[in-house]
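What follows is one structure encoded as structure tokens, with my remarks underneath.
2 protein chains.
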Amino acid sequence: MNSARFSVGVDFGRTNLRIAAYTQESGLVETILLPTRVSEGRDAVVGDMCGAIQRLRDRYSPQFQLAGIGVGSPGPLELPAGRLRQPPNLPGWDGFELRGTLERTLGTRVLVENDANVAALAECVLGKGKKLGADSLCMLTLGTGVGAGIILRGQIWDGMSGMAGEAGHLNIWTDGVACGCGGHGCLEVYASAAAVRRMADEKIAGGNAPGLAALAKRNPHFSAREVAELAQAGDTDAKTIYELVGRSLGIGLASLVNMLNLPLYVLGGGVASAWELFSPALFEELRHRSYVYRLTIPEVSRAELGADAGLLGACLLPLCAAELGS
Amino acid sequence: MNSARFSVGVDFGRTNLRIAAYTQESGLVETILLPTRVSEGRDAVVGDMCGAIQRLRDRYSPQFQLAGIGVGSPGPLELPAGRLRQPPNLPGWDGFELRGTLERTLGTRVLVENDANVAALAECVLGKGKKLGADSLCMLTLGTGVGAGIILRGQIWDGMSGMAGEAGHLNIWTDGVACGCGGHGCLEVYASAAAVRRMADEKIAGGNAPGLAALAKRNPHFSAREVAELAQAGDTDAKTIYELVGRSLGIGLASLVNMLNLPLYVLGGGVASAWELFSPALFEELRHRSYVYRLTIPEVSRAELGADAGLLGACLLPLCAAELGS
């Protein structure tokens, strides 16, 4: 065994578990992919997770020193306890002691974090943050919902109980569409993949969106991606939807920039790939609504790491944990 | 000289300069009050400030060890440079190197900070934060405008260039009233003393607000305080104004709570004294719009320190500066 260190990281997704061994020299040295057997219950999922962690720990411990184990989990996740709180896509997991259960099973300390936070950490340490020399950023992940993570001076900002970074619930259109959080007009209901689909359905129901109606007829399960393709092909209704995505993101980013004055804001997730469609409206709102933006011109751009951000961030957790404390 | 330390703090206000010597044992041991001679130019103001600092430094240095000099200044203030950037109430000061000028004049290091940030620091170390054992908070100061400061783990969060904490420009009513920042519908245009006056003027101009019209006739220079008195006496129009103040604050706080997940949010400044009038609407919006609030129930309440917060915070700057770096 030499003194080089490795970590084991878990990307706990709703569909797949990805478990990897990581070294600072070589990055991801081995990745195990498993289905997330949510329907078979918590014990099955945790058992799969721990089995894979154990295999990687056994395989790399003879060569490297284990720095720790990190897990990126769907939220809301209460910290430092590592307890799930009413996770919307994991029925039956409310109150589950994810961290404690993993630690008892593995017999060692485990760092557990919200998935949006670990993705932001990876983007800071290995992605756009590294490229620009920025050790603070806010990352918005535009997926089915809108997640976010805040990194301040190289460390995840968790808040008092792990629930910081809920930028998906920033106020955008005060009397707007009802959100799953109980509020109205949140960023998530205007800038997520689900929001794009909802806006398309509304336009189709309005009866004046022939391109979207034809899309729905061809493919009733169409997604934000197909709406983007239609917009790229010049469909006015589809373009209007992405313009509203951009305006909403610009309004939300203006609040973030005014509050946090960070050097870098990155957008990841599937919807971010429609950057050309929504970014003009985004920057128009941002310039209009944030004098801090106009004075400081922080970088606002697409994330670099793509789908690996969550897994890389989980692997980085033990390596960046010096000051995380608990 | 014993080993007890003292600091000198300056509250650089638009009307008055307050300069004080402070010890951890006795608090403010001596305060000098001077008018801020803005009309006589920057040299006059800086000269007054440095003269008073020098007098207090000379007087207390034989007994105590000087920890440093702190100044709370109107913003926007670029940090770490300590340079003013287009300060709205200090014409001719744009680009002024406040920190450098003070350091050259005094021949020593000076810590300069935004006034809303030092008030938040004082509230954390000596006010509500101390009372509740919270080392992180966000303080909104509801004065002529709306300022804010964020304290994270005992330290001011300045952002990349000193402009963090501009909560006065959080998005509240997206297509609302134009704000001095260039945007629309910011918190500041619904929750400041100037906003209360503007809303009263609008109601008077509408012709259906007899109580407010009578107030304006009695006292054309009436302020937010007189509107609050009218509301306390039962005037429906005045009550409606403070209800909108409360709703706007609740919407803004919901965004803050969702993003930052802090244990404590405090409201200071003149408008905060109308707490009973606006807080029911504030909490209604906050509960509605922030599931993080509903899950974590952080404390949201009035600040403790009143008009001394800025001066105390300036004195605390050198004493809390361990990790501030520059």
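Protein sequence lines, in the order shown, are assigned to chains A and B. Following the numbering used here, the numbering of the first sequence begins with 12 at its first residue and continues without gaps. Following the numbering used here, the numbering of the second sequence begins with 12 at its first residue and continues without gaps. Even glycine gets a Cβ: it sits at the ideal position worked out from N, Cα and C. Values in this document were obtained by computation on a predicted structure and should not be read as measured data.
Residues of the stretch 253 to 266 of chain A with a C-beta atom less than 7 Å from some C-beta of chain B are 262, 265, 266, listed in chain order. By the criterion of a C-beta distance shorter than 6 Å, residue 268(B) is surrounded in its chain by 301, 303, 304, once the five residues flanking it on both sides are discounted.
For residue 310(B), there is no enclosing alpha helix (DSSP H); the enclosing beta strand (DSSP E) has its first and last residue at 310 to 313. The count of Cβ pairs closer than 8 Å, one atom from the stretch 279 to 295 of chain B and one from the stretch 161 to 172 of chain B, stays below three, leaving the stretches out of contact.
By the criterion of at least three beta-carbon pairs nearer than 8 Å, the stretch 182 to 201 of chain A is not in contact with the stretch 231 to 247 of chain A. Between residue 270(B) and residue 177(A) the beta-carbon gap is near 7 Å, inside 8 Å, which marks them as a contact.
Inclusion of residue 260(B) and residue 249(B) in the CB contact set at 8 Å is not warranted, their separation being larger than that value.
At least one beta carbon of chain B lies nearer than 8 Å to the beta carbon of residue 185(A). Interface with chain A (8 Å Cβ-Cβ cutoff): residue 300(B) is included. Partner residues in the beta bridge of residue 197(A), as assigned by DSSP, are 182(A). Neighbourhood of residue 96(B) in chain A, by CB distance below 9 Å: 306, in chain order.
Residue-level contact by beta carbon fails for residue 102(A) and chain B, as no gap is shorter than 8 Å. The contact set of residue 170(B) on chain A, defined by CB atoms closer than 7 Å, consists of 271, 272, 273 in chain order. Assigned with DSSP and collapsed to three states, residue 329(B) falls in helix. About 7 Å separates the beta carbons of residue 282(A) and residue 203(A), which is inside the 8 Å limit, making them a contact pair. Cβ atoms of residue 187(A) and residue 156(A) stay farther apart than 8 Å, at about 16 Å. Taking the C-beta atoms as reference points, residue 207(B) is found no nearer than 8 Å to residue 167(B).
Taken through DSSP and simplified to helix, strand or coil, residue 101(A) comes out as coil. Residues of chain A whose Cβ lies closer than 7 Å to the Cβ of residue 192(B) are, in chain order, 302. With contact defined as three or more Cβ pairs closer than 8 Å, the stretch 305 to 319 of chain A and the stretch 124 to 143 of chain A are in contact. Separation of residue 54(B) and residue 23(B) (C-alpha to C-alpha, rounded to the nearest whole angstrom) is 14 Å.
In the three-state reduction of the DSSP assignment, residue 88(B) falls in the strand class. Closest option to residue 29(B), judged by alpha-carbon separation, among 258(B), 137(B), 322(B): 322(B). Assignment of residue 294(B) by DSSP, reduced to helix, strand and coil, places it in the helix class.
Residue 94(B) has its alpha-carbon roughly 5 Å from the corresponding atom of residue 107(B). Per the coordinates, the alpha-carbon of residue 64(A) lies some 8 Å from the alpha-carbon of residue 31(A). A distance of 8 Å or more separates the beta carbons of residue 275(A) and residue 127(A). Contacts between residue 176(A) and chain B, judged by CB atoms closer than 7 Å, involve 270 in chain order.
At a beta-carbon threshold of 7 Å, none of the residues of chain A lie near residue 219(B); the nearest stands roughly 24 Å away. DSSP places residue 150(A) in the uninterrupted beta strand (DSSP E) bounded by 148 to 153. Among the bridge pairs identified by DSSP, residue 125(B) is matched with 84(B). As computed with DSSP, residue 34(A) is found in a beta bridge with 17(A), 38(A). Under the DSSP assignment, residue 277(A) falls in the beta strand (DSSP E) whose first and last residues are 275 to 279. Identification of chain A residues near residue 182(B) by a Cβ-Cβ cut-off of 8 Å yields 181, 182, 183, 262, 263, 265, 266, 300, ordered along the chain. DSSP places residue 74(A) in the coil class of the three-state scheme, outside both helix and strand. Residue 101(B) places its beta carbon less than 8 Å from that of residue 85(B).
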